[in-house]
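Participant: In order, the protein sequences belong to chains V and E. First residue of the first sequence: 1, per my numbering; consecutive thereafter. First residue of the second sequence: 1001, per my numbering; consecutive thereafter.
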Amino acid sequence: MIGTDIIDIVEAKKTSNWERPRFLEKLFTSNEQQLIQNSENKFIMVWRLWSMKEAAYKLYIQLNPDRFYSPKKFECDINATSLKVTYKAFQCFISTKITEEYILSEASLLPHKMVSSVFKLASKDYKSQSKMSREALILSVSKKCNLVKSNLKILKSESGIPSIYYNSKRLNISMSLSHHGHYGSYATVSL
Amino acid sequence: MENEELINKLKAIISPYVQDEEAFATLSEETDFVRDLKINSANLVDIILDIEDAFDIRLENEDMEKMLDVKAAMAIVNEKLAN
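#1: Residues of chain V with CB under 9 Å from Met1001/E, in chain order?
#2: Which value, in whole angstroms, describes the spacing of the CA atoms of Phe196/V and Asn1003/E?
#3: Helix, strand or coil, according to DSSP, for Gln1019/E in the structure here?
#4: Compute the Euclidean distance between the alpha carbons of Asp77/V and Thr86/V, then round it to the nearest angstrom.
#5: Kindly indicate the opening and closing residues of the beta strand (DSSP E) around Thr96/V.
#6: Shorter than 8 Å from the beta carbon of Asn1043/E to some beta carbon of chain V?
#7: By how many angstroms is the C-alpha of Ser133/V removed from the C-alpha of Gly226/V?
#8: Pull the bridge partners of Ile204/V from the DSSP assignment, please.
#9: What residue does the alpha helix (DSSP H) around Ser51/V start on, and which one ends it?
#10: Note down the Cα distance separating Glu32/V from Lys169/V, rounded to an integer number of angstroms.
#11: Relative to the C-alpha of Leu137/V, which residue among Pro65/V, Val189/V, Leu104/V is closest?
#12: On the criterion of 16 or more Cβ atoms from any shown chain inside 10 Å, does Asp66/V qualify as buried, or is it exposed?
#13: Measure from the alpha carbon of Ile198/V to the alpha carbon of each residue in Asp8/V, Ser16/V, Lys13/V, then state which is nearest.
#14: Could you check the C-alpha separation between Leu121/V and Pro162/V for me, to the nearest Å?
#15: Confirm, please, whether the CB-CB distance from Ser16/V to Asp1046/E is below 8 Å.
#16: Give a yes or no on whether the C-beta atoms belonging to Asn1061/E and Lys58/V are separated by under 8 Å.
#17: Please identify the residue among Leu110/V, Ile154/V, Lys149/V whose C-alpha is closest to the C-alpha of Lys131/V.
#18: Measure from the C-beta of Glu1030/E to each C-beta in chain V and report whether the shortest distance is under 8 Å.
#19: Within 10 angstroms of the Cβ of Ser176/V, are there 16 or more other Cβ atoms? Answer buried if so, exposed if not.
#20: What in chain V is Cβ-close to Leu1049/E, meaning under 8 Å?
#21: Under three-state DSSP, which class holds Pro71/V?
#22: Please classify Asp125/V as buried or exposed, where buried requires at least 16 other C-beta atoms within 10 Å of its C-beta.
#23: Identify the contact partners of Asn1083/E in chain C, using a Cβ-Cβ distance below 9 Å as the criterion.
#24: Taking all protein chains shown into account, do 16 or more other C-beta atoms lie within 10 angstroms of the C-beta of Glu25/V, making it buried, or fewer, making it exposed?
#25: Report yes or no: is there a C-beta of chain E within less than 8 Å of the C-beta of Lys153/V?
#26: Quick one: Cα of Ser51/V to Cα of Asn151/V, how far?
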């Protein structure tokens, strides 16, 4: 299973203010807040931790399909050898990639090499972004599994979790999509 | 607070973060912040902080947990105001 989350750095600067009162304490544990305060680039650390939590949540709800909003309880553990996020008894491993433009995090149940693909989005309109992201993912699955593209589609379950279908058959693939600002990412793995 | 008054106050708070204006135009108690209004999950915390400021209340992590739709937000505000 896989979860992916992308943060457009320019967009995060524009649409969120991590320095507003109580923002950090609502989202981050005291350890994480310490990590932020001690880092050279606080802004990057805030959004790196956030994307780790988001990627982990996107993986978690595939296993427990009941939505909730509890980012503070997804605790990031950043040590030298591996990145982890834990929530209650759940634990996952994270890979992150930070560039000048974006921060990308990917969550999986075992340590892994990142499989997320990143793409640029021309439009900033939510609906067209969402459509473009789905199309990018479908194209990749079509190539990887050698399936006719027009027969593939993404449907969401009642709890809002997307899956890939070939005609009406649900494929044994875990997928995750993310888009933010001018960037999108998708990831798929066979189950 | 009357429901209508509360919904109107919440609408004003939510408005800057909405990414689906059509869904926002037909907002009801059932409207989901993420699924319907396409609000970025990083902005949900801004909505929570804005609600705290507007009503002079404080929300705990447990209050935030189910705050996914208008109905839940209304219930939490009413509960906090009653205390």
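In this text, a Cβ means the ideal position worked out from N, Cα and C, and glycines have one as well. Predicted model, so just to flag it, every value in this text is computed and none were measured.
Facilitator: Answer, in terms of the structure:
#1: Against chain V, the beta carbon of Met1001/E has no neighbour under 9 Å; the closest one sits roughly 23 Å away.
#2: The displayed coordinates of chain V run from 1 to 191. Any statement about residue 196/V would go beyond what the structure contains.
#3: Gln1019/E sits in coil when the DSSP states are folded into three classes, being neither helix nor strand.
#4: Asp77/V and Thr86/V: Cα-Cα distance of roughly 8 Å.
#5: Segment 90-98, the beta strand (DSSP E) holding Thr96/V.
#6: Cβ-Cβ to chain V under 8 Å: yes for Asn1043/E.
#7: Because residue 226/V is not part of the residues shown, which for chain V are 1 to 191, the question remains open.
#8: Because residue 204/V is not part of the residues shown, which for chain V are 1 to 191, the question remains open.
#9: 42-63 is the extent of the alpha helix (DSSP H) around Ser51/V.
#10: Glu32/V and Lys169/V: Cα-Cα distance of roughly 42 Å.
#11: Answer by Cα proximity: Val189/V.
#12: The Cβ neighbour count for Asp66/V, taken over all protein chains shown within 10 Å, is under 16; the residue is labelled exposed.
#13: Lying before the first or after the last residue shown, residue 198/V is absent from chain V, which here runs from 1 to 191.
#14: Taking the straight line from one Cα to the other gives about 20 Å.
#15: Judged by beta-carbon spacing, Ser16/V lies within the 8 Å limit of Asp1046/E, meaning their Cβ atoms are closer than that value.
#16: Not closer than 8 Å, so no.
#17: It is Ile154/V whose Cα lies nearest to the Cα of Lys131/V.
#18: Answer no: the Cβ-Cβ gap between Glu1030/E and chain V never drops below 8 Å.
#19: By the Cβ neighbour-count rule, Ser176/V is buried, with 16 or more other Cβ atoms within 10 Å of its own.
#20: Close partners of Leu1049/E in chain V (Cβ separation under 8 Å): Arg20, Pro21, Arg22, Phe23, Lys26.
#21: Helix at Pro71/V.
#22: With fewer than 16 Cβ atoms within 10 Å of its Cβ, Asp125/V is classed as exposed.
#23: Annotation note: the requested chain C is absent from the structure, which comprises protein chains V and E.
#24: Glu25/V should be labelled exposed.
#25: Answer no: the Cβ-Cβ gap between Lys153/V and chain E never drops below 8 Å.
#26: The alpha-carbon atoms of Ser51/V and Asn151/V are separated by roughly 32 Å.
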